[in-house]
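A.B. asks: This structure is in structure tokens; I'll ask about it shortly.
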Amino acid sequence: MQIKCCQNVNLKKVANDTIDNVKKEIIKLERERKELEIKAQVIIDHKVTARWEGFYIYDSTRGDMNFDFTIDATTVCATGNDEYGDFEINGKINKLHVKFIKQYIGKHKLIYEGSINPDRSFMKGFYRYEEN
Numbered sequence: 031m032q033i034k035c036c037q038n039v040n041l042k043k044v045a046n047d048t049i050d051n052v053k054k055e056i057i058k059l060e061r062e063r064k065e066l067e068i069k070a071q072v073i074i075d076h077k078v079t080a081r082w083e084g085f086y087i088y089d090s091t092r093g094d095m096n097f098d099f100t101i102d103a104t105t106v107c108a109t110g111n112d113e114y115g116d117f118e119i120n121g122k123i124n125k126l127h128v129k130f131i132k133q134y135i136g137k138h139k140l141i142y143e144g145s146i147n148p149d150r151s152f153m154k155g156f157y158r159y160e161e162n
């Protein structure tokens, strides 16, 4: 019976090749990250004006509302209506945090705080009541 020896393996070369591959992957991922940051900034800088249909939940009851929203990098404004009447919305956006006042015409106002997704198509948060 004859035993064959393994071929000489240059461990230093294998290690260097592995390090080179990891470095290339890191460079690729860093380039992709920068591209995504640029795309995200374009989305954030983009002004969105649209007719929104939304809802709120108060005391376990869902209420529908319709409004025309304008959102840009730092501001949000809208006009709309729901079962309580016509309202105006004015507020600020800081990255993905949104805060605004929903003022019912001739009535009370609500303070809203929440988050908004990067493409400015969805908000989630909480209202609190404030007397005029």
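FYI, the numbering used here numbers position 116 of the sequence shown as 146, with every residue one higher than the one before it.
C-beta atoms are modelled at their ideal positions from N, C-alpha and C, and glycine is treated no differently.
Do three or more CB pairs link the stretch 107–122 to the stretch 58–68 at distances below 8 Å?
C.D. replies: no
A.B. asks: Confirm, please, whether the CB-CB distance from His127 to Ser151 is below 8 Å.
C.D. replies: Taking the first residue of the sequence shown as 1, we reach residue 151 at position 121. Taking the first residue of the sequence shown as 1, we reach residue 127 at position 97. No, these two residues do not count as a Cβ contact at 8 Å.
A.B. asks: Just to confirm the assignment: which complete beta strand (DSSP E) runs, minimum length 3, are found wholly within the stretch 81–113?
C.D. replies: 91–101, 105–112
A.B. asks: What does the alpha-carbon distance come out to for the pair Ile205 and Asn120?
C.D. replies: Any property of residue 205 remains undetermined from this structure, which presents the chain solely from 31 to 162.
A.B. asks: Straight-line CA distance for Ala99 to Ile57?
C.D. replies: As a working note, residue 99 is residue 69 in the sequence shown. As a working note, residue 57 is residue 27 in the sequence shown. The sequence given here places Phe at residue 99; Ala does not occur at that position. Near 40 Å, if we compare the C-alpha coordinates of Ile57 and Phe99.
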